[in-house]
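Accompanying notes for the structure given below.
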Amino acid sequence: MKFLIAIVLVVLGAVLADEDDGGLPPLPPMTDAPPPPPPSVPPPPPPPPSTDPPPPPPQTDTPAPPQTDAPPPPPTQGPPPPTAAPDCKDKAFNCQGHLKKYCKTSWNIKYTWCRKTCGACEEGDCKDRVNNCFRLQKFCNRAAVAIMCQRTCKVCS
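Numbered according to mature numbering (1 follows the signal peptide of the UniProt record, and there is no 0), the sequence shown spans residues -17 to -1, 1 to 140.
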């Protein structure tokens, strides 16, 4: 049976190959001449210059305040009082015990679950800007690491 299938496939392949090179289009003749350049389209001409004057500015209903050389009056109120820092506490109950050893190896433990125990509470702008500073701590002498890991590298002023 396999022999019969093989014969049918060979005959069928030979018939298809004899018909118009197997159904492929004929190849163009080979030449040594370079290919013709692509057709070029000239750029459009520039628009003609405008001879109309610019439109006037829109009119407003309220008159503009008079301009003076005097400095603006000082504000009547001082700066707003600083907002209280969010509570820095641990979210997990076992930070002091079992989880404390993971402060230096797990970003999630340090910055999410055990912030107080791991010493990761925010102090103004002194913060790590990437989440793998605990792994980069040995490279704090490099400028790029010191900039991205200011809190871990203790470079805050």
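Idealized CB from N, CA, C, for every residue including glycine.
Residue interval of the alpha helix (DSSP H) (run including residue i)
| i | result |
| --- | --- |
| residue 118 | 116 to 119 |
| residue 103 | Unbroken run through residue 103: none, as it is neither H nor E. |
| residue 134 | 133 to 136 |
Pairwise C-alpha distance: residue j and residue i
| i | j | result |
| --- | --- | --- |
| residue 133 | residue 103 | 12 Å |
| residue 40 | residue 34 | 18 Å |
| residue -15 | residue 15 | 49 Å |
| residue 109 | residue 99 | 16 Å |
| residue 42 | residue 36 | 17 Å |
| residue 74 | residue 123 | 29 Å |
| residue 76 | residue 87 | 18 Å |
| residue 113 | residue 94 | 12 Å |
| residue 97 | residue 89 | 10 Å |
| residue 24 | residue 38 | 36 Å |
| residue 29 | residue 22 | 22 Å |
| residue 137 | residue 101 | 15 Å |
| residue 121 | residue 131 | 13 Å |
Cβ-based burial, residue i [other Cβ within 10 Å; buried from 16]
| i | result |
| --- | --- |
| residue 82 | buried |
| residue -13 | exposed |
| residue 117 | buried |
| residue 126 | exposed |
| residue 67 | Residue confidence for residue 67 is low, a pLDDT of 42 falling below 50, so the modelled location carries little weight; the figure read from the coordinates is stated next. When all chains shown are included, residue 67 counts as exposed. |
| residue 128 | buried |
| residue 92 | buried |
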